[in-house]
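Heads up, the thing below is written out as structure tokens.
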Amino acid sequence: MSVYEEKLEYFKKVIDDIAKGLNYYNGLNIMTYNEHNNAFTALEKTINIINSINYENIIDELQYINNSISSIIKNYGCYSFEDVINICLACSFAEKNFTNDLNLSDKYKLLVKHLHPLNYNIINWTATNQATKANQTINQANAKTISKLKIIDEKTLLECASLECFDLARTNSNFIIKVHGIKVIIHDSKNQKTLVINCLCDDLLTLNNSNKFIINKKESIAKYITANGLSTSNCYNAELWNNFLNNYSLKELLIYSPCDLYNKYSASVNQIAVYSQKTLEMLVQDFISFDLYNQRAMLIQLLLINNKADNLYIAYILYDILSNDKSASANEQIKIYNSLNWNCKKHLKNALQKTVEYTNELLTFETAKIPLEQSIYFMKANINVKEKALQKLKEIKSKSEDTGSKARQYLDGLLKIPFAIYKEEEILKIKYEISSLLNNIINPLKNSNFLLLSANRDISNILTTIHSMKNNNNIININIIEKLGSSKIVITNELLLLIVEYIEHNKKKINASLLKSLKSLKLTPSDYDKKIFLKANLLTFIKSLYINPNNINNINNSNEVTTNEVTTNEVLLFFKEYISSDYYNYLFSIEKHINQINRKNGEIIAYMNEFNNILDSAVYGHKKAKLQIERIVGQWINGESSGYCFGFEGLPGIGKTSLAQKGLAYCLKDKNNKPRPFSLIALGGSSNGSILEGHNYTYVGSTWGKIVDILMEHKCMNPIIFIDELDKVSKTEHGKELIGILTHLIDSTQNTHFQDKYFSNIDLDLSKVLFIFSYNDVELLDKILLDRIHRIKFDILTLDDKLIIARDYLLPELYAKFHFVDVLIIEEEELRFIIEHYTNESGVRKLKEVLFEIISSFNLMLLKNNKCYELPFKINNEFIETQLRDRFKISYLTIISEPKVGIINGLWANSYGNSGIIHIESSFFHSSNFLELKLTGLQGDIMKESMAVAKTLAYNLLSSAEKIAIAKELEESKMQGIHIHVPEGATPKDGPSAGAAITLVLYSLLSKRKIRNNIAITGEICLQGNITAIGGLDLKILGGLRAGVTTFYYPKANAKDYKLFYEKYEKNMSKIEFIELENIEQAIAEIII
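Residue numbering for the sequence shown follows the working numbering, beginning at 2 and increasing consecutively.
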């Protein structure tokens, strides 16, 4: 074939490719019918020219054909990118300019493979830029870097490099071209012109392409992020950034530089933030107002955060609007879907799935969807409830929609009550599974046909044997027989046969010690002889019997001579009569069941360990409270999972609610890993029982109570109901009514028949509900109600506890909130200073508030001052005092500097966890009455009584001579009265625990002997001089330590409290002395100097 004929054949191929492209573009609605018709007409003319070519003038003819084809491509495009280069420039152009250029060859291959030209344009170089073009070779090295996010003019196109790509979305209105359109620039320096080719780019399934251009582009993007430190910027999120890149196609990689891509990413993130501040209605309005291309862009942006249910839900709603919008064409939804790349399509499908799940969670049961008769029929309630429901249904049908609305509300509510539906955690089902496995082991032994054991078999010994088998699987051949021999089970020939068979089946080697094991079976001599024979001969034919049972007859009829014919016959009879696959399978299955039980037990152990971890992560400390909860849950796991009633007893702010809501509820998870439903009812100040049990149906506007509402909301009859502030219930008659309802709710003998007033005569079974009460002061609770509550006392939070909570929980949370991780440091000494001087509470609520104030003050200091700080910035006491100058700084009373007469250190504690020492002072005052008492310092009645008792006891402790001397002295001085003062007169003080201290201070005054200044004492006193028990010893000691006390005296009756205290704080007590006291004489000997 000549060169001319090859050229003609190539033209024919190009024409075929043009036709293919025309049909492709027509199918995409890029080309109009007229354009399509005109293009094929022009192609037909060109084909006619080729067919009638004049070979005498072949060169001119070929050039004419080339120009014709070039003109068609210029106006209507073609399918192959390479054809445009060959027709419009030259067949050798690509090889000279791209193929041999290392920087361009990979990109050119990618363009040839995936671009489809729509048309092209030629820009001839003008005189002004010819000099520039003549002095430079247009390539990647010296071309001007151009941002593709701006509008590009003709001059800019001339300044860029060859094969540079631009987006057609800015210059074209067609949706497909805006999505997939790309403009490619090719410079022809020889002919001083630039070819601008408009193309469609393929949408690849994945960008994990082996082409070096794509690989290098991805690497350059990663390097750009690292080099510019963008990974630490507020805008950057690794998961979001990866989603952004995966949502874009080959077109974006060809067009945009790493900088442009990151700028587009930043714009998308900002736009998503704008969307999050708009209501759904506003988003829908924006979406409808956009053209199709911008609607697509909005959907892609919403799908970027594909792990957020709200975004997926909104994206699908907006996408679904396209099919419902009457103004939109029928195929707009399809257009958008088809224009998305594969990752976006997956996210959109995921949005549909999440939307269905999200909708199912939000939708409540609508009786209108199911006939009411069927709904009533399928209720899991007793016949009484169904009859009540049918009565209301008749009432609804007999009345109009308006007059029957009340009955409809009643019936709808009744149908929402989840009768006999309970949430059951997987861990609570394990006991049934283990029980079933044990039954599989034991039940065959109860079968009368299973003649392995004698009639007096001992099941407990069987289980002992099974337990041994479980623990000694690898030495079954010896230990099973030994265990059976040591039990009370009667071992028969049959059982031994089966044991040997079981051993053989499991390929366990029977060694020489088997004979010793057989001796332990305590058999008779004749039986023993039989077992020796069995050992020697049995294994050889057990296999043959199982391979072919007819071998039993063969053996019986054989002429084989044995050493013991009687034993052989006995064995054969046994096999004929008793051996069966049931025995064989039973022994074989024991090990399988034991392994399954082991796995189930392992699940329980893992759960209990995780249980403790969840409780610890919910709140710090409170080990005793957690142990009580663990005991109850342990009972549920191993026994009956009935309802229960806890009483969380403790001071405010120590974690009672958190332990229930974030701890216990999350310990009880179902198979979908969802926690047990939890609801909170706050009773503080409540005085009306209708809060819990509703109003009577006949009242206007009546409805059911909170208890029924919780059951409806959670769709189960065993949620966790947390009733807060039980001790704050109103003390009125209405409050007593509420207490009565609560008593009925938690009483296990009554709560199976709880009735809401609205649903009168409808019994609700609340026996499976887990009730948790929370209260601060147990003395304020009704005694009848308290008797039905399992009280769980929460420990007070000590200073050490608060330090740990602040360090491990509060500060990390606040640092993260202000983005101050490794920027700000508050060390333990400063935390201690804050707790002791700026918080006076039992919990940590105020501490968190103060820490927030300090950290936010530092944040404002950074925002307002252009000053450099050394990081991490360390908060000191001076900074704390400056920022908290408007707060009251707490100061604590300390011990006096030296021993004195008539002054002693008492100890105090209150119900809020506060404690310290108190100075009890005494002095004589002018009075005509002998030993008249004057009491100041806002003392309560109980404390005043202690003063009177202490005065009588202290005076009686004096000797007769001392009494005469003191009486004479006081008579002469007229200073006969005793003034007892307890400082801080504005603070109320009461209680009997200062009795011993008051006695000592009065004895010191009367005897004129000094009291040691470094001691503190607590204890109630009586006229016999006995020092009796008090409460709050741990708190009082902690308060005394802070005040500088080094020796503590406490009642011997509080020895148990002291022991518990010392176990907890032993490490801090190395130089502290503790002394027990039984009577006041011991105290005088120890304390009075």
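Virtual Cβ for every residue (Gly too), placed ideally from N, Cα, C.
Asked	Found
Through-space distance from residue 724 to residue 684, alpha-carbon basis	7 Å
Given 8 Å, three or more beta-carbon pairs between the segment 996 to 1009 and the segment 1020 to 1030	yes
Rounded Cβ spacing between residue 728 and residue 781 (contact assumed at less than 8 Å)	4 Å
Beta bridge counterpart(s) of residue 1018 as assigned by DSSP	907 and 1050
Buried versus exposed, by CB contacts within 10 Å (16 or more), residue 851	buried
Neighbourhood of residue 273 by C-beta, 6 Å cutoff - its chain only, sequence neighbours within 5 removed	302
DSSP-derived helix/strand/coil call for residue 279	coil
C-alpha distance - residue 976 paired with residue 1049, whole-angstrom precision	33 Å
Helix, strand or coil at residue 719 [DSSP, three-state]	coil
The beta strand (DSSP E) enclosing residue 121, as first and last residue numbers	116 to 125
Which listed residue (264, 321 and 262) has its alpha carbon closest to that of residue 289	321
Pair within 8 Å by beta-carbon distance, residue 80 and residue 25	yes
Complete runs of the alpha helix (DSSP H) confined to the segment 245 to 291 [at least 4 residues]	251 to 256, 259 to 277 and 281 to 290
Whole-angstrom distance between residue 201 and residue 106, CA atom to CA atom	20 Å
The ligand GTP heavy atom lying under 7 Å from the CB of residue 1073	The model on display carries no ligand, and the ligand GTP is accordingly not part of it.
Nearest-angstrom beta carbon gap, residue 44 and residue 8 [assumed within contact, 8 Å]	About 17 Å separates the two Cβ atoms, so there is no contact after all.
Meets three-Cβ-pair contact criterion under 8 Å: the segment 821 to 830 and the segment 768 to 780	no
Exposure label - residue 34; buried when at least 16 CB within 10 Å	exposed
Cα-Cα separation between residue 648 and residue 297, rounded to whole angstroms	56 Å
CA nearest to the CA of residue 662, picked from 399, 620 and 986	620
Buried or exposed (CB count within 10 angstroms, at least 16 for buried), residue 291	exposed
Cut-off 8 Å between Cβ atoms - residues of its own chain near residue 527, not counting five sequence neighbours on either side	Because the pLDDT at residue 527 is just 45, under 50, the model does not fix this residue reliably, and the point stays unresolved.
The segment 906 to 921 touching the segment 1044 to 1064, judged by at least three CB pairs closer than 8 Å	yes
Own chain residues within Cβ distance below 8 Å of residue 612, not counting five before or after	631, 634 and 668
Length of the line joining the Cα atoms of residue 980 and residue 1003	10 Å
Beta carbon of residue 690 nearer than 8 Å to that of residue 742	yes
Given 8 Å, three or more beta-carbon pairs between the segment 804 to 819 and the segment 844 to 860	yes
Which of helix, strand or coil DSSP assigns to residue 767	coil
Cβ-based burial, residue 784 [other Cβ within 10 Å; buried from 16]	exposed
Option nearest residue 817 by Cα separation, candidates 841, 853, 792 and 791	853
Sequence-distant residues of the same chain with beta carbon closer than 6 Å to residue 353, five excluded per side	317
Proximity below 8 Å, CB of residue 167 to CB of residue 184	yes
Own chain residues within Cβ distance below 7 Å of residue 1026, not counting five before or after	954, 1080, 1081 and 1082
Spatially closest choice to residue 1014 from 902, 924 and 217, by CA coordinates	902
Cβ separation of residue 435 and residue 608, assumed to be a contact under 8 Å, to the nearest whole Å	Not a contact, Cβ separation roughly 14 Å.
Every unbroken alpha helix (DSSP H) within the segment 733 to 768, with a cutoff of 4 residues, ordered by chain	734 to 747
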